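To start, the structure under review is shown below, and the notes come after it.
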Amino acid sequence: MSKARIAVMVSGGGTNLQALIDAQNSGIITSGSVKLVISNNPDAYALERAKKAGIQTAVVSKKQCGSQDIFEEKIKEILSIKKIDIIVLAGFMSILSANFTNAYPERIINVHPSLIPSFCGKGFYGLKVHEAALKYGVKVTGATVHFVNEIPDGGKIIMQKAVEILEGDTPETLQKRVMQQAEWKILPEAVEKVCSEI
Ligand code: GAR
0 MSKARIAVMV SGGGTNLQAL IDAQNSGIIT SGSVKLVISN NPDAYALERA
50 KKAGIQTAVV SKKQCGSQDI FEEKIKEILS IKKIDIIVLA GFMSILSANF
100 TNAYPERIIN VHPSLIPSFC GKGFYGLKVH EAALKYGVKV TGATVHFVNE
150 IPDGGKIIMQ KAVEILEGDT PETLQKRVMQ QAEWKILPEA VEKVCSEI
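Start counting the sequence shown at 0; every next residue gets the next number (numbering that gives the first Met the number 0).
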């Protein structure tokens, strides 16, 4: 069986991308292989991580494209040239339109740093998610890996993992714990699951 060809889309630090690379090296991901990393931000450290791992990279800037349509068409073109089967959004901080998501039904996976349906949707990304969880006062949060459809954070859930909120947590300490205890574990597991099923 040939491996599913994976593209990872990133915007920032890329610790989730790193978790995928490590999972490939340690044999947690065996049914797929990361062939491409696409960033919408030319300064994303994730691009360095990809290069260090010998993975091809591409930068597509929405600003330079001038419109959402052209931005998405450009990404589609690259995905098609690289014959990508599965797209993983790993800290990709730009919302994709229905036009894009409809082109890849149940082929786009996202990791979100809360237990969906809490603290998700438009405006909830990165640290803002943890700020909202702390402000609300929930005692348990976590991470969710889900398929991406036209509704932000609204697609079918693949995996979730809960993480306790501790006395004295700041958005930063909580973000780190959610990454370590949940995101970096369930993202590779979910990617392997989906790749093994297609
Ligand atoms: C992660 O916590 C990820 O779940 C979150 O941004 C961070 C990216 O970190 N994504 C979202 O909030 C998407 N709505 P990383 O670049 O180190 O992987």
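Idealized CB from N, CA, C, for every residue including glycine. All values reported here derive from a predicted model rather than from experimental measurement.
Exercise. Label Gln23 either buried or exposed according to how many other C-beta atoms from any shown protein chain fall within 10 Å of its C-beta, with 16 as the threshold for buried.
Key: The sequence position of residue 23 within the sequence shown is 24, counting from 1. With a 10 Å radius around the Cβ and a threshold of 16 neighbouring Cβ atoms, Gln23 comes out buried.
Exercise. Any chance you could list the beta strand (DSSP E) runs of at least 3 consecutive residues sitting entirely within the stretch 43-129, in chain order?
Key: With a minimum length of 3 residues, the continuous beta strand (DSSP E) runs that stay inside the stretch 43-129 are 55-58, 85-88, 107-111.
Quiz prompt | Classification of Thr198 by the beta-carbon crowding that lies within 10 angstroms, buried from 16 upward | solution = Lying outside 0 to 197, the shown extent of the chain, residue 198 is not represented and no answer is given.
Exercise. Find the nearest neighbour of Gly167 within the set Glu130, Ile69, Glu188, Gln179, judged by alpha-carbon distance.
Key: If you number the sequence shown from 1, residue 167 lands on position 168. Cα-wise, what sits closest to Gly167 is Glu130.
Quiz item: Is it the case that the CB of Val36 approaches a heavy atom of the ligand GAR more closely than 8 Å?
Solution: By one-based count along the sequence shown, residue 36 stands at place 37. Not so, every heavy atom of the ligand GAR lies at least 8 Å from the Cβ.
Practice problem: Measuring alpha carbon to alpha carbon, tell me which of Glu163, Thr172, Glu72, Leu46 ends up nearest Leu198. | Solution: Missing from the structure shown is residue 198; the chain here goes from 0 to 197 and no further.
Quiz prompt | the stretch 170-177 contacting the stretch 96-109, beta-carbon criterion three pairs below 8 Å | solution = Not touching, per the Cβ criterion.
Exercise. Assuming Lys73 contacts Val87 (C-beta within less than 8 Å), just tell me the rounded distance between them.
Key: For the purposes of this step, residue 73 is identified with residue 74 of the sequence shown, where counting begins at 1. For the purposes of this step, residue 87 is identified with residue 88 of the sequence shown, where counting begins at 1. So it is not a contact: roughly 18 Å between Cβ atoms.
Quiz item: How would you write the range of the alpha helix (DSSP H) that Ala18 sits in, first residue to last?
Solution: Here residue 18 refers to the residue found at position 19 of the sequence shown. Element bounds for Ala18: 14-25.
Self-check item: Identity of the residues DSSP links to Ala6 by a beta bridge
Solution: The residue labelled residue 6 in the question sits at position 7 within the sequence shown. Answer is Leu35, Ile86.
Quiz item: Is there at least one non-hydrogen atom of the ligand GAR closer than 8 Å to the beta-carbon of Val263?
Solution: Nothing can be reported for residue 263: it is not among the residues displayed for the chain, which extend from 0 to 197.
Quiz item: Is the stretch 90-100 touching the stretch 145-161 in the sense that three or more CB pairs, one from each, lie closer than 8 Å?
Solution: In this structure the stretch 145-161 touches the stretch 90-100; the number of beta carbon pairs closer than 8 Å is three or more.
Quiz item: Helix or strand or just coil, what does DSSP make of Met178?
Solution: To locate residue 178, count along the sequence shown from 1; it is residue 179. Looking at Met178 - three-state DSSP - the assignment turns out to be helix.
Quiz item: Expressed to the nearest angstrom, what Euclidean distance is found between the alpha-carbon atoms of Lys127 and Thr140?
Solution: Translated into the one-based positions of the sequence shown, residue 127 becomes position 128. Translated into the one-based positions of the sequence shown, residue 140 becomes position 141. Put simply, the backbone Cα of Lys127 is about 13 Å away from that of Thr140.
Practice problem: Answer yes or no: the CB of Phe146 versus the heavy atoms of the ligand GAR, is any distance below 8 Å? | Solution: Reading the sequence shown from its first residue, position 147 is the one you call residue 146. No.
Quiz prompt | Leu165 versus Asp68: straight-line alpha-carbon distance, rounded | solution = As a first step, residue 165 must be located in the sequence shown, where it is residue number 166. As a first step, residue 68 must be located in the sequence shown, where it is residue number 69. Each residue's Cα considered, the two are about 43 Å apart.
Exercise. Report the partner residues of Gly141 according to the DSSP bridge assignment.
Key: Taking the sequence shown and counting its residues from 1, one reaches residue 141 at position 142. Answer by DSSP bridge pairing, in chain order: Ala161.
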